[in-house]
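Trainee:
Protein chains in written order, with the working numbering: chain X, 134 to 541; chain P, 134 to 541; chain E, 134 to 541; chain L, 134 to 541.
#1: Determine whether the beta carbon atoms of residue 365(X) and residue 457(X) lie at a separation below 9 Å.
#2: Report the neighbours of residue 425(P) on chain L: residues whose CB is nearer than 7 Å to its CB, in chain order.
#3: Mind pulling the chain P residues with CB within less than 7 Å of residue 182(X)?
#4: In its own chain, which residues sit with a C-beta less than 6 Å from the C-beta of residue 184(L), not counting the 5 before and 5 after it?
#5: Could you tell me which chain X residues have their CB closer than 8 Å to the CB of residue 341(L), listed as they occur along the chain?
#6: Closest to residue 187(E) by C-alpha separation, out of 167(E), 472(E), 152(E), would be which residue?
#7: Going straight from the alpha carbon of residue 423(P) to that of residue 391(E), what length do you get?
#8: Please list, in chain order, all residues of the same chain as residue 176(P) whose beta carbon is under 8 Å from its beta carbon, the five residues on each side excluded.
#9: For residue 464(L), collect the residues of the same chain with a Cβ closer than 6 Å to its Cβ; drop the 5 residues on either side in sequence, then sort them by chain order.
#10: Against chain E, with Cβ distances strictly below 9 Å, would residue 321(X) count as a contact?
#11: What does residue 517(L) reach in chain E if we use C-beta pairs closer than 9 Å?
#12: Residues in its own chain within less than 8 Å of residue 400(P) by CB, not counting five upstream and five downstream?
#13: Looking only at its chain, what residues have a beta carbon closer than 6 Å to the beta carbon of residue 472(X), apart from the 5 residues adjacent to it on each side?
#14: With 16 other CB atoms within 10 Å as the buried threshold, where does residue 538(E) fall?
#15: To which residues of the same chain is residue 542(L) closer than 6 Å at the C-beta, ignoring the five residues directly before and after it?
#16: Which ranges does the beta strand (DSSP E) cover as unbroken runs of at least 3 residues, wholly within the segment 238-286 of chain E, from first to last along the chain?
#17: Going by CA-CA distance only, name the one from 259(E), 236(E), 257(E) that's closest to residue 248(E).
#18: Short check: CB of residue 206(P) to CB of residue 388(P), under 9 Å?
#19: Who does residue 312(E) pair with in a DSSP beta bridge?
#20: If we define contact as Cβ-Cβ less than 9 Å, is residue 415(X) a contact residue for chain L?
#21: Give the residues from the segment 267-292 of chain E that approach chain P closer than 7 Å (Cβ to any Cβ), ordered along the chain.
#22: Count the other C-beta atoms from every protein chain shown that fall within 10 angstroms of the C-beta of residue 275(L), then say buried if there are 16 or more, exposed otherwise.
#23: Please classify residue 321(P) as buried or exposed, where buried requires at least 16 neighbouring CB atoms within 10 angstroms.
#24: Consider the Cβ of residue 380(L): report whether some Cβ of chain X lies at a distance smaller than 9 Å.
#25: Could you check whether the segment 294-309 of chain L touches the segment 259-271 of chain L, counting it as contact only if at least three pairs of C-beta atoms, one from each stretch, sit closer than 8 Å?
#26: Going by the CB atoms, is the gap between residue 446(P) and residue 255(P) shorter than 9 Å?
#27: Taking the beta strand (DSSP E) that residue 508(E) belongs to, which residues open and close that run?
#28: Around the C-beta of residue 338(E), are 16 or more other C-beta atoms found within 10 angstroms, so that it is buried, or is it exposed?
#29: Please report the straight-line C-alpha distance between residue 328(P) and residue 231(P), rounded to a whole angstrom.
#30: State the start and end residues of the unbroken beta strand (DSSP E) segment that holds residue 296(L).
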């Protein structure tokens with residue numbers, strides 16, 4: 134009876150198995166990448182070769198065909214035990230694939246075949262090795278108000294702006310850029326698909342942070358980038374408002390973000406367990422595990438871990454069940470699902486931070502040294518709450534309002 | 134997408150439906166029973182008539198045949214929303230039935246038909262309306278060291294001792310008494326089945342507590358009670374040690390105890406939601422729900438509630454899966470399951486206390502008045518951590534040791 | 134080296150000594166008053182006879198002449214160890230006296246001798262045994278927006294409204310009623326001094342709460358009460374705004390409220406210490422104090438208690454120093470002082486609740502029974518956060534804004 | 134009315150003023166020293182020139198003559214706002230000086246002039262620029278059981294062992310080494326004074342940690358170091374037991390350690406306040422400070438900060454009062470004082486960690502970048518709980534036992 138997360142679909146099981154297969158390789162250089170702030174390029178290439186990177190690409194387009202967000206979360210969770218930075222990179226790419234695979238048939242059903250075809254094209258690219266870099270955040274703006282603009286020009290669009298925290302920026306072949314579409318009727322929410330080779334695209338290597346140092350979450354500068362007509366998806370909602378696509382994107386992306394927090398906590402827990410069951414202290418030379426304070430600390434870690442796992446797996450099982458119903462989702466319902474997902478994010482990330490902190494304490498100072506993985510995990514796990522779309526300052530208001538039946 | 138607990142077996146669904154059917158009646162006099170410290174006798178009778186009391190009695194013996202502990206938890210959880218005291222009373226009885234129904238076939242399989250038959254007899258009694266009163270606790274002794282003694286005499290046993298916190302004592306027809314069996318080879322763990330009519334049995338009405346006031350958890354005094362040979366089950370372990378039966382009894386009984394805590398929290402949450410979405414304050418006359426601090430508080434309640442529900446449902450789904458395997462359970466494995474159950478108990482009870490406290494705060498002082506159900510819920514929910522077998526001072530050591538692979 | 138609070142002025146030392154002298158008598162019937170919801174009338178009379186009730190009345194008017202709010206807090210803190218309800222009643226009366234004694238000379242200095250004389254008259258009444266009942270709260274209104282109205286009539290004022298939580302209502306000879314003064318230029322903040330014998334005054338015995346049950350904090354109904362001109366103090370600020378007098382009243386009254394919380398925590402701690410150092414448990418019969426979990430719990434209680442004491446004594450030492458400067462206090466400065474006082478209130482009340490809860494846990498279930506003082510302390514201590522003027526939902530915004538230099 | 138700590142003696146005021154004078158210089162290169170793990174050598178030299186390093190050296194021996202531990206704490210607190218690593222280095226040196234100045238006259242009074250003279254000699258050395266490096270910790274041993282041995286030889290002592298976390302190791306001229314003295318009657322507690330130039334002394338540059346990176350807390354290897362007779366102080370207690378000197382050393386050293394935690398929290402708070410009162414966010418462009426969640430977070434930070442300051446200043450004011458009584462301190466009394474000090478350590482360090490974490494959250498992700506001082510403060514402040522003599526696993530048992538009147 135282990136409380137570990139487990140996949141529930143055959144495709145998910147294949148993906149999780151692959152992730153576990155990569156663990157030793159990925160973990161082997163995590164400390165080095167953390168120290169140097171270097172992106173784990175070779176490890177990512179290995180994930181591409183094994184098709185783990187193509188988890189959510191349909192099988193017919195070269196992927197594993199994972200359709201369960203729950204199972205995507207489980208695989209990302211496994212990877213994070215070895216390297217949180219790489220796991221985040223894989224997640225942002227895979228979640229984008231999942232969204233394309235989810236939305237495509239719906240666009241077809243609504244008769245919008247061109248968009249559906251474009252999505253298929255992007256998935257095929259992903260299937261053949263293109264990495265997606267998600268460019269959502271901007272300094273000084275919240276998730277619903279991107280300041281990067283897409284303006285129409287004679288033959289398409291011109292894109293201008295600066296994005297931050299663009300994970301995988303060194304290897305991304307295509308950037309998915311949240312933007313403000315300047316329509317005559319007023320600004321709309323939008324997504325621009327920007328090939329790396331587009332003139333005006335530049336990656337500025339700004340990422341030097343407390344943790345998640347190997348994620349290469351640099352800035353992306355977009356200067357008068359000219360894009361073809363089909364490269365910008367104009368969303369159904371105006372700038373500043375939540376749309377179905379934004380909600381789905383958030384629901385798809387956050388699962389893995391939570392899974393990463395959990396994976397970091399699990400890695401810390403495994404390390405602490407190993408530590409206290411092998412180290413002794415003078416003069417009694419009893420194992421640390423034999424001491425009451427250690428037992429108590431391990432108990433609290435175990436309780437938190439079980440709760441975090443239960444919260445995450447139950448929430449994403451419900452997400453799968455909801456999204457699998459086949460009907461188009463009402464925005465109001467999506468808000469409710471999204472509030473549950475945000476609740477899971479808040480809960481699991483806090484607990485993950487607590488768990489790593491408790492493991493650090495259990496290590497009795499040895500974990501504070503840089504040669505211990507705990508010092509990296511302590512820095513990495515603190516990143517989670519800052520991840521979009523809602524900050525810890527914004528999420529409670531959102532969850533509270535949705536719960537209370539007020540407009541979010 | 135509600136995070137509420139739901140039954141997973143048909144028998145469980147019937148039980149939960151029955152419980153929900155009783156809610157209005159049970160809730161109607163909960164405040165009165167709490168004030169007066171009176172046992173909800175009529176409500177219990179109604180539960181007997183509907184067979185809800187016989188949830189875990191096999192259908193052929195007059196019950197509902199619920200075999201899923203998970204589903205027992207769900208039904209108890211529903212009852213607790215109306216009256217925690219009654220829910221606890223039902224749980225202790227139903228969990229005893231579950232244990233008898235679970236163990237009987239195993240005794241048959243091991244060739245011990247007399248004990249199996251005795252268990253069938255007890256279940257038949259429960260099916261025809263006998264209420265079980267569990268007598269586990271004693272002042273000044275922990276769970277593994279009952280001081281009540283069963284000594285052999287010419288024609289059976291003599292029982293002496295004093296038990297406390299015997300829920301349902303006014304209506305119990307049969308007391309299940311944890312005792313120390315004085316064998317020549319040393320004291321053993323044991324259970325005595327004591328009919329209320331046995332000479333020497335007396336209920337002392339000592340129960341006057343902060344909360345759970347309607348549970349009539351009085352003292353049971355046993356003075357030279359003579360019992361027939363078959364009335365004492367001598368356990369396989371010596372006094373002071375965990376046995377399979379003790380572990381199974383704890384696993385069976387704690388689920389509903391946790392379910393009660395959750396139900397009290399849910400009731401508080403529903404009341405607080407109703408309160409803040411209907412009350413306004415001068416001079417703005419805005420709804421309380423429109424205020425940021427209220428939204429934030431509701432968000433935290435929602436997060437805690439979702440986590441508590443996930444932890445409880447996942448843990449008992451795993452318990453069902455483990456127990457359903459058919460094999461006899463190794464004590465070592467049962468300890469692991471029991472540690473998970475204790476983790477769920479610690480987590481959910483703490484969260485339930487926090488949730489009720491948050492609801493009290495959300496009510497802005499009105500909940501502090503006795504006319505508000507919140508004041509009762511605040512008192513009731515604090516009882517949970519004191520419930521056997523492990524106190525909050527003992528549980529962390531137990532969970533920690535089991536997790537660390539040390540003898541518990 | 135005890136961390137207990139101690140008085141710093143000779144008058145304060147006399148007051149604290151008196152309070153300690155009364156402890157045994159006050160504590161003797163606290164459980165009875167709590168159970169019956171009866172006001173501790175005889176105990177209050179004894180405090181009047183010893184002049185403890187007249188702590189803040191100047192010596193020349195028959196009191197002890199305590200001018201240090203810090204020392205008022207210390208004495209109230211002592212009383213609360215025996216009975217929180219009585220301590221609150223004494224505090225509200227004494228804080229009102231303190232405010233009158235503080236403001237009188239300042240009105241004289243500003244040439245407003247009639248108001249100063251009225252204040253002297255009130256203090257003389259207090260010196261000769263009149264008890265003040267503070268009527269601040271109202272259902273459905275916050276502190277700054279009382280809905281009770283004082284309207285001018287030919288020969289004075291007509292007062293109408295309903296106040297709640299009027300501590301000491303059975304014995305109060307004079308009610309100090311926060312009201313909205315209906316001036317032609319718009320509503321103003323105001324205080325009405327209402328003799329109990331005034332036609333139209335009625336006490337409705339509504340107080341039946343979770344805790345502080347002996348405080349008789351009933352409703353006060355004011356129906357067309359005619360008051361003389363001098364009985365209403367029209368404040369300098371309009372209705373809804375903070376004035377100097379309101380800030381001073383809050384600063385004066387809250388100290389004792391915090392002191393009560395601390396005293397309840399100290400009483401719980403003393404009880405728990407006595408419990409764990411005298412009780413043993415089978416089979417080892419070791420003292421509970423010898424068990425690691427007990428030691429750890431006592432340590433956390435000790436840490437919290439030391440921090441709560443330090444916060445309270447340091448804050449009110451600073452209040453004394455600030456108010457003793459002699460100058461009229463700028464409203465802006467008073468807000469800063471008031472924010473410190475609110476911080477102390479938030480901190481100490483939270484810690485007091487935690488401490489009592491920890492003591493309950495340390496008592497291992499015995500404290501949950503009504504015969505234990507812990508069950509009363511657990512209920513009493515939860516009242517504190519609801520006490521005016523700022524609720525736990527309002528205080529953080531106030532403290533935050535003042536700290537950030539924004540208008541509160 | 135600021136809640137900042139302030140000195141209470143003239144000598145202390147001079148020291149604090151000096152520390153404040155150095156702040157800009159010290160802070161200027163703190164980020165650089167943190168990044169490179171370089172010791173702030175020039176900054177320390179400046180502190181030596183200004184005599185700040187000689188705070189606790191008597192004036193006649195070239196120091197400032199600070200005798201108040203409270204005031205030592207205040208000065209260290211100021212330094213930590215600029216650089217926690219340097220502040221720790223200064224504290225360990227200054228606390229050693231304080232202890233020598235405190236103990237010297239007591240040895241004289243007891244007729245042990247040689248030891249008193251040796252202490253004067255050490256203080257004179259400190260007055261003329263020698264830096265003390267405290268070597269207390271060892272891997273795999275607790276504070277009371279040092280494994281480094283001092284054995285008698287023909288002309289003095291031979292010292293062998295390895296110490297860790299020896300702050301200031303690059304500049305220390307004299308190491309104060311906690312050791313186990315091998316006496317014929319059994320091992321005793323002891324201190325060895327080891328000049329850096331002693332053959333067999335080697336500093337191993339092992340310090341590479343999560344935070345406090347500039348403190349150069351390297352390992353000290355002692356291989357057959359021959360020391361003169363007078364260089365080893367054989368303590369009155371046997372190895373493994375607390376002695377008066379050990380308790381005084383702990384009381385003297387911990388104050389500044391707590392002051393460092395507080396200073397880091399204050400620096401984080403100042404940074405966060407500056408941040409939220411100057412940054413705006415699209416589309417409203419309101420200041421972050423105008424947002425409710427920010428106000429609330431600042432309020433919690435303010436509450437925690439006020440409580441931490443009150444706890445620290447009150448505790449060390451009591452320490453000064455206790456130690457100033459002139460009498461020799463009974464070990465039992467010293468344990469009580471030490472338990473208060475440990476309580477203050479536990480409380481303030483936890484709150485400091487919370488405050489820095491809250492400031493990081495208030496910064497909305499910007500603080501997570503290495504260019505923000507918050508990322509350094511977040512790492513630095515986590516070091517505190519690991520500092521000797523009692524770990525967070527050991528302190529609760531110690532505090533609890535002393536509070537309960539049990540032998541520690």
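Even for Gly, the Cβ is constructed at its ideal location relative to N, Cα and C.
Mentor: Reading off the structure:
#1: Looking up residue 365(X) in the first chain gives position 232. Looking up residue 457(X) in the first chain gives position 324. Cβ atoms of residue 365(X) and residue 457(X): not closer than 9 Å.
#2: Numbered from 1 along the second chain, position 292 holds the residue referred to as residue 425(P). Per Cβ cutoff of 7 Å: 425.
#3: Walking along the first chain from the start, residue 182(X) turns up at place 49. Ordered by position in chain P, no residue passes the 7 Å Cβ test against residue 182(X), which lies about 35 Å from the chain.
#4: Your numbering for residue 184(L) matches position 51 in the fourth chain. 197, listed in sequence order.
#5: For the purposes of this step, residue 341(L) is taken as the residue at position 208 of the fourth chain. Neighbours of residue 341(L) on chain X, chain order: 502, 503, 504.
#6: As a working note, residue 187(E) is residue 54 in the third chain. Ranking the options by Cα distance to residue 187(E), first place goes to 152(E).
#7: One-based indexing of the second chain puts residue 423(P) at position 290. One-based indexing of the third chain puts residue 391(E) at position 258. Rounded to whole angstroms, residue 423(P) to residue 391(E) spans 30 Å at the Cα level.
#8: Position 43 of the second chain, counted from the start, is the residue given in the question as residue 176(P). The answer, listed in chain order, is 155, 158, 159, 162, 216, 219.
#9: The sequence position of residue 464(L) within the fourth chain is 331, counting from 1. Around residue 464(L): 377.
#10: For the purposes of this step, residue 321(X) is taken as the residue at position 188 of the first chain. Cβ-Cβ to chain E under 9 Å: no for residue 321(X).
#11: Against the fourth chain, residue 517(L) aligns to sequence position 384. Those do not exist, as residue 517(L) stays about 15 Å from chain E at its closest Cβ, beyond 9 Å.
#12: The residue labelled residue 400(P) in the question sits at position 267 within the second chain. The answer, listed in chain order, is 213, 214, 215, 506, 510.
#13: Taking the first residue of the first chain as position 1, residue 472(X) is located at position 339. Counting only Cβ-Cβ distances below 6 Å, and skipping sequence neighbours, we find 532, 535.
#14: In the third chain, residue 538(E) corresponds to position 405, counting from 1. Result: exposed.
#15: There is no way to answer for residue 542(L), as the model of chain L reaches only from 134 to 541.
#16: 265-268, 282-286
#17: Along the third chain, read from residue 1 onward, the residue named residue 248(E) stands at position 115. Of the listed residues, the one whose Cα sits closest to residue 248(E) is 236(E).
#18: Locating residue 206(P) in the second chain gives position 73, where the first residue counts as 1. Locating residue 388(P) in the second chain gives position 255, where the first residue counts as 1. Yes, the pair counts as a contact, with Cβ atoms nearer than the cut-off.
#19: The residue given as residue 312(E) occupies position 179 in the third chain. BP columns for residue 312(E) point to 323(E).
#20: Reading the first chain from its first residue, position 282 is the one you call residue 415(X). Interface residue, yes.
#21: 273, 274, 275, 278, 280
#22: As a working note, residue 275(L) is residue 142 in the fourth chain. The residue in question, residue 275(L), is buried, as its Cβ has 16 or more Cβ neighbours within 10 Å.
#23: Start at 1 with the first residue of the second chain, and residue 321(P) comes out as number 188. Result: buried.
#24: Numbered from its first residue, the fourth chain carries residue 380(L) at position 247. Output row for residue 380(L): interface = no.
#25: yes
#26: Your numbering for residue 255(P) matches position 122 in the second chain. Your numbering for residue 446(P) matches position 313 in the second chain. Not closer than 9 Å, so no.
#27: Counting from one through the third chain, the residue named residue 508(E) turns up at place 375. Note, residue 508(E): premise wrong, no beta strand (DSSP E); alpha helix (DSSP H) at 506-514.
#28: In the third chain, the residue the question calls residue 338(E) occupies position 205. The residue in question, residue 338(E), is exposed, as its Cβ has fewer than 16 Cβ neighbours within 10 Å.
#29: Taking the first residue of the second chain as 1, we reach residue 328(P) at position 195. Taking the first residue of the second chain as 1, we reach residue 231(P) at position 98. So the two alpha carbons sit approximately 19 Å from each other.
#30: Residue 296(L) sits at position 163 when you count from the first residue of the fourth chain. Here the beta strand (DSSP E) through residue 296(L) covers 289-299.
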